[in-house]
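Worksheet: the structure to be examined is printed underneath.
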Amino acid sequence: MNTSTSRKTRFLNRELSWIEFNFRVLEQAEDTSLPPLERLKFLAITATNADEFFMVRVGGLKQLQHAGRTRPDPADLSPAAQLAAIAERMHEMVARQHACLRKGIEPLLRKNGIRRLQMTDLNAAQLRHVGALFTDFIFPVLSPVAVSLDEDFPLLAGLGLALHVRLAPASGSTDARHALVAVPKNLARFLALPGESGFTYILLEDVIRAHMDLLFPGVKVLDCAPFRITRNADMSVREDLAGDLLDQMREVLTERRESECVRLEIDKRTSKDAQAFLRTALKVDDADVYPAPGPLDLGAFFRLASLPGTDALNVAAWSPQPVPGAPPTEAMFDILKRGNLLLYHPYESYDPVLRLLQEAADDPNTLAIKQVLYRVSENSPIVAALMRAAERGVHVTALVELKARFDEERNIDWADALARAGAQVIYGVKGYKTHAKICVVVRREPGGVVRYVHYGTGNYNEKTARSYSDISFMTNEEDYGADASMFFNTITGYSQLSKFRRLEAAPLGIRPRLRELIDTEAERCRQGEPAAIDAKMNSLVDPDLIEALYQASQAGVPIRLNVRGICCLRPGVKGLSETITVLSIVDRYLEHARIFRFYNGGDPMVFIASADWMPRNLDRRIELMVPVEDRDNADKLEWILKTCLADTVQAWRLLPDGQYERRTPDSRHPPLRAQQAFQEDAETRASAASQQAPVFEPQRPTERRQGN
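Going by the working numbering, the final residue of the sequence shown carries number 783, and the count climbs one at a time with no gaps.
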């Protein structure tokens with residue numbers, strides 16, 4: 076190991092690396108080659124990303140700061156230093172987000188009939204319409220609350236909009252009075268206006284603000300401005316304490332509603348007096364106040380991107396393609412008997428995964444279904460299939476991870492519903508989050524009991540499967556089935572993780588196995604043999620694995636990494652990481668698949684995994700890493716990796732200082748957009764399969780049974 080490189084220069088800070096990722100998403104919103112509603116989608120994504128970042132990452136750093144923690148992270152930054160750096164970059168982001176909306180996107184939308192108006196822009200008919208809306212539908216729902224610094228501040232919902240109202244002093248006083256009006260979440264934010272072509276709208280908060288005198292009759296309103304708070308959501312259950320996990324999770328949800336404010340977003344026009352009042356009342360530092368020169372909660376603008384009749388303002392749709400190896404006319408059990416199936420979503424349809432569960436639920440030969448559920452959709456067909464199977468008497472075991480952040484409430488409801496249907500429900504594993512993506516169907520067949528297994532890199536959510544790139548691997552091979560059974564027996568009982576035939580599982584097995592694979596490539600290179608490491612993941616944070624990659628680089632191993640988001644490794648540093656390149660792809664689908672390839676002396680070893688290379692995944696979660704060994708599917712994974720690493724249109728290259736530069740085509744690297752290549756490949760194969768000539772099979776009379 077090169078010890079001359081200081082600790083600070085060996086690692087990039089995790090939080091700042093994430094912010095750089097969100098800036099790359101913002102670049103998509105600023106890209107003038109994209110249609111305006113596609114740009115608006117990316118802008119909304121940057122806002123919702125930032126909401127979660129403040130709730131979790133900034134919330135956690137605030138807790139460390141309040142506890143007096145000064146220990147630096149691997150990049151040598153204390154919690155206080157990280158918070159200061161975060162505030163500086165996030166204030167820059169807010170300015171760019173609103174400039175993008177105001178100067179880039181909204182002018183194009185206006186030209187195409189989508190216009191946001193202010194009250195001063197309305198004509199007489201529109202004013203009457205808005206007045207009637209307020210009187211009939213909005214006013215009855217509002218509840219103004221008088222507030223002061225001498226009394227407990229009312230509990231405001233995190234990420235909810237509210238209006239601060241400054242009122243004239245009472246008789247005999249010189250001090251202004253203050254009130255709050257929460258903007259109801261169950262009312263439409265975008266109010267359509269009559270008399271215009273296209274879609275002309277006004278924001279709900281602007282209508283409420285214009286009618287504020289009706290809420291405070293007889294009192295002069297000095298000023299009124301919207302604001303929005305973000306509460307700390309970095310809370311977890313104390314599993315070392317006695318008590319029911321379900322009750323503890325409900326307590327966590329309550330704590331989040333009452334936790335400290337970590338960010339205050341306000342309208343930039345808010346008076347200094349109102350700003351000072353809110354900062355004091357909410358106990359917010361100046362650096363945590365984010366004035367916005369435009370609407371708050373830009374994430375809500377995602378709704379405008381799906382307005383009817385706006386196809387010309389969006390990118391042309393890419394549809395998931397039918398899978399040639401899994402025709403819908405054939406049972407999934409028969410398909411998997413012919414061979415393993417590897418799918419790349421969303422280019423290839425998620426239907427085979429749904430069909431496996433749905434067919435198993437209704438099949439009289441199904442003995443058991445076991446599945447991990449981390450994040451599922453609101454009206455999940457997968458959960459519906461499990462409930463139907465349980466009601467039919469199939470032995471269903473569902474591990475529902477109650478600690479899946481921001482999905483706790485939904486998962487509690489699903490766990491209750493599954494239990495009522497007769498399923499055996501496990502609320503995760505004590506001390507860990509179960510993040511593995513695995514389902515096993517146990518079936519009675521003429522030759523004995525057969526297990527059909529699905530391993531994946533993404534959640535069992537058919538909706539995100541249309542917008543996240545993920546791998547599904549489906550098989551009925553004995554080793555994979557035996558490992559699946561051992562996995563479930565371990566996590567649902569009191570067993571320790573045993574040695575699997577093919578799988579590796581965190582928290583015990585994945586890091587040591589990855590370290591072994593990396594070290595083996597390094598040793599081969601030292602011995603003069605060819606070596607290489609290619610890997611695709613969402614985040615690379617783990618210091619131990621980063622050090623292993625540094626050592627392999629110093630041994631001369633070519634290492635190519637496709638890391639979508641956070642990357643704490645510094646590539647291209649002389650004497651440390653000269654042979655390492657890191658690319659990040661930001662395109663229309665969220666890159667979510669984890670694929671690892673090791674050259675292995677010319678016989679490549681290829682894996683998919685539910686885990687990123689992060690301490691939380693490798694130490695504090697139940698995860699799976701799955702080898703894909705049949706040549707056709709391993710080749711497909713290698714092609715996916717190779718294509719991602721060759722992207723010269725939507726890829727960004729990480730520089731040694733932590734900044735990213737957009738990759739561009741040149742004489743050695745022709746134009747290639749990986750996601751488009753995947754879509755075109757899926758379309759080509761689906762089209763070829765549909766055009767195959769039918770095979771005609773004559774109908775023959777069945778043999779008569781003896782005695783008939």
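For glycine and all other residues, C-beta sits at the position ideal for the given N, C-alpha and C.
Where does residue i fall in DSSP's three states?
| i | result |
| --- | --- |
| residue 667 | coil |
| residue 76 | Unreliable placement is indicated for residue 76, whose pLDDT of 36 sits below 50; the coordinate value is still reported in the next sentence. Note: residue 76 maps to coil in three-state DSSP. |
| residue 595 | helix |
| residue 542 | coil |
| residue 393 | coil |
| residue 299 | strand |
| residue 305 | strand |
| residue 429 | helix |
| residue 702 | strand |
| residue 125 | helix |
| residue 402 | coil |
| residue 152 | coil |
| residue 579 | strand |
| residue 512 | coil |
| residue 456 | helix |
| residue 649 | coil |
| residue 228 | coil |
| residue 440 | coil |
| residue 220 | strand |
Evaluate residue i with the Cβ neighbour count: other Cβ atoms within 10 Å of its Cβ, from every protein chain shown; 16 or more gives buried, anything less gives exposed.
| i | result |
| --- | --- |
| residue 111 | buried |
| residue 475 | buried |
| residue 765 | exposed |
| residue 510 | buried |
| residue 503 | buried |
| residue 350 | buried |
| residue 564 | exposed |
| residue 685 | buried |
| residue 545 | buried |
| residue 207 | exposed |
| residue 305 | buried |
| residue 37 | With the chain represented from 76 up to 783, any question about residue 37 goes unanswered, as that position is not in the structure. |
| residue 342 | buried |
| residue 202 | exposed |
Need the endpoints of the beta strand (DSSP E) that residue i sits in, please.
| i | result |
| --- | --- |
| residue 277 | 274–278 |
| residue 674 | Here residue 674 belongs to no beta strand (DSSP E), and DSSP marks it neither H nor E. |
| residue 418 | 416–420 |
| residue 680 | 680–684 |
Please report the residue range of the alpha helix (DSSP H) in which residue i lies.
| i | result |
| --- | --- |
| residue 100 | 89–105 |
| residue 736 | Unbroken run through residue 736 is the beta strand (DSSP E), 735–737; no alpha helix (DSSP H). |
| residue 762 | 749–765 |
| residue 205 | 199–208 |
| residue 489 | 483–496 |
| residue 692 | 690–694 |
| residue 558 | 553–567 |
| residue 408 | 407–413 |
| residue 499 | Run containing residue 499: none in the alpha helix (DSSP H); it sits in the beta strand (DSSP E), 499–501. |
| residue 139 | 134–141 |
| residue 622 | 618–629 |
| residue 352 | 347–357 |
My understanding is that residue i touches residue j, with C-beta atoms under 8 angstroms, so please give their C-beta distance in whole angstroms.
| i | j | result |
| --- | --- | --- |
| residue 178 | residue 242 | The Cβ separation is near 35 angstroms, so there is no contact. |
| residue 258 | residue 234 | With 8 angstroms as the limit, residue 258 and residue 234 do not qualify as a contact, their Cβ atoms being about 11 angstroms apart. |
| residue 513 | residue 559 | 6 angstroms |
| residue 20 | residue 745 | Residue 20 falls outside the range modelled here, since the chain spans only 76 to 783, and no answer is possible. |
| residue 217 | residue 290 | 6 angstroms |
| residue 339 | residue 363 | 6 angstroms |
Q. Does the count of Cβ pairs from the segment 660–678 and the segment 712–719 closer than 8 angstroms reach three?
A. yes
Q. Within the chosen definition, does the segment 463–473 reach the segment 490–500 through at least 3 CB pairs nearer than 8 angstroms?
A. Below 8 angstroms, enough C-beta pairs join the segment 463–473 and the segment 490–500 to call them touching: three or more.
Q: Take every Cβ of the segment 648–659, pair it with every Cβ of the segment 455–467, and state whether three or more of those distances are shorter than 8 angstroms.
A: No contact exists between the segment 648–659 and the segment 455–467.
Q.
Closer than 8 angstroms is the cut-off here; do at least three beta carbon pairs connect the segment 177–196 with the segment 272–286?
A. yes
Q | Cβ pair count under 8 angstroms reaching 3, the segment 688–703 against the segment 419–435 | A | Taking 8 angstroms as the limit for Cβ pairs, the verdict is that the segment 419–435 does not touch the segment 688–703.
Q: Inspect the CB distances between the segment 106–123 and the segment 371–383 and report whether three or more fall short of 8 angstroms.
A: Yes, they touch.
Q: Decide if the segment 81–99 is in contact with the segment 155–168; the criterion is three or more beta carbon pairs, one per stretch, under 8 angstroms apart.
A: yes
Q) Quick check: the segment 384–404 against the segment 751–763, are there 3 or more CB pairs under 8 angstroms? A) yes
Q: Say whether the segment 132–148 touches the segment 96–109, bearing in mind that this needs 3 or more beta-carbon pairs closer than 8 angstroms, one atom from each stretch.
A: no
(Q) Taking 8 angstroms as the cut-off, does the segment 263–273 touch the segment 285–301 (at least 3 CB pairs, one atom from each stretch)? (A) Note that the segment 285–301 does not touch the segment 263–273; fewer than 3 beta-carbon pairs, one per stretch, sit closer than 8 angstroms.
Q.
Counting beta carbon pairs with one atom in the segment 593–604 and one in the segment 628–646, are three or more of them shorter than 8 angstroms?
A. Judged by Cβ distances under 8 angstroms, the segment 628–646 makes contact with the segment 593–604, as three or more pairs qualify.
**Q.** Stretch-stretch touch, CB-based, cutoff 8 angstroms, three pairs: the segment 635–648 with the segment 608–620
**A.** yes
Q. Is it a yes or a no for the segment 440–448 touching the segment 513–532, going by three-plus beta-carbon pairs under 8 angstroms?
A. yes
Q) Okay, do the segment 403–420 and the segment 546–553 touch, 3+ Cβ pairs below 8 angstroms being the bar? A) yes
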